[in-house]
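Undergrad: After the structure tokens below, expect a handful of questions from me.
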Amino acid sequence: MSKSPAPQPRAPRQRIQARRSGVHGKGVFALVDLAEGETLIEYTGEIIDWDEALERHPHDPKDPHHTFYFHIDGGRVIDAKYGGNSSRWINHSCDPNCVADEENGRVFIRALRNIPAGSELFYDYGLTIDEPYTKKLKAQFPCWCGSANCRGTLLAPKERKRKA
């Protein structure tokens, strides 16, 4: 009598998937229920300095404000166009269900709350630009999230200076 083969370990179940988004282009969706605080994916790509990022800019001349850059500490940036994973397709929302946390030069996307299977993942890009925000500048970085508290732009609100 021959022995039956030992059971094979199960491959880890895919938890998220990039596909077409109703918000903008591609998006990333939960395939299973995701728990609050859970690390979902690392934002990966080539780590370069901002001088190199500016030389590469724009990735797409037809859409110059769409990049896969993620600013990290020390004047460095992750360029997910090169060596990036599906995290680069996570869309922005002014009412996000995820947060991007930087730890030692690495960026991890974590669930801010429980996310049911089928939901699209979002984090607040919080883009910052040193120049004053004008209608024209805000229009270059439009937000399509549709949330009740949508700012209408991917740009982070400017901090107001307090009077002494």
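Heads up: the sequence shown is residues 1 to 164, going by full-length UniProt numbering.
Even for Gly, the Cβ is constructed at its ideal location relative to N, Cα and C.
Can at least three beta-carbon pairs, one atom from the region 96 to 113 and one from the region 62 to 79, be found at a separation below 8 Å?
TA: yes
Undergrad: Please look up how many angstroms separate the CB atoms of R76 and I48, rounded, as I've assumed it's under 8 Å.
TA: Right, their Cβ atoms sit about 7 Å apart.
Undergrad: In this structure, what does DSSP give as the bridge partners for Q17?
TA: F29
Undergrad: Does D101 come out as helix, strand or coil in the three-state DSSP assignment?
TA: strand
Undergrad: Excluding the 5 residues flanking I129 on each side, which residues of the same chain have their C-beta closer than 8 Å to its C-beta?
TA: L137 and L155
Undergrad: Which same chain residues end up closer than 8 Å to Q17 when comparing Cβ atoms and leaving out the 5 residues on each side of it in sequence?
TA: V28, F29, L31 and S86
Undergrad: Does the beta-carbon distance from C98 to C145 come in below 7 Å?
TA: Contact: no.
Undergrad: Evaluate P157 with the Cβ neighbour count: other Cβ atoms within 10 Å of its Cβ, from every protein chain shown; 16 or more gives buried, anything less gives exposed.
TA: exposed
Undergrad: Quick check: R113 and E38, are their CB atoms within less than 7 Å of each other?
TA: The Cβ atoms of R113 and E38 lie no closer than 7 Å to each other.
Undergrad: Alpha carbon to alpha carbon, what distance is there between H92 and D124?
TA: Going by the C-alpha atoms only, they are around 5 Å apart.
Undergrad: With the cut-off set at 7 Å, would you say L127 and I90 are in Cβ contact?
TA: no
Undergrad: Buried or exposed for G45, please, with buried defined as at least 16 other CB atoms from any protein chain shown within 10 angstroms of its CB.
TA: buried
Undergrad: Can you give the Cα-Cα distance for R20 and K26, rounded to whole angstroms?
TA: Going by C-alpha positions, R20 is about 4 Å away from K26.
Undergrad: Mind pulling the alpha helix (DSSP H) runs of 4 or more residues that sit fully within the region 73 to 126?
TA: none
Undergrad: Just mark A53 as buried or exposed, buried being the case when its beta carbon has 16 or more other beta carbons within 10 Å.
TA: buried
Undergrad: Among the candidates Q14, V23 and R13, whose CA atom is the shortest distance from the CA of P96?
TA: V23
Undergrad: In three-state terms, what does DSSP make of E159?
TA: Looking at E159 - three-state DSSP - the assignment turns out to be coil, as it is neither helix nor strand.
Undergrad: When DSSP labels each residue in this structure, what does L154 get in the three-state scheme?
TA: coil
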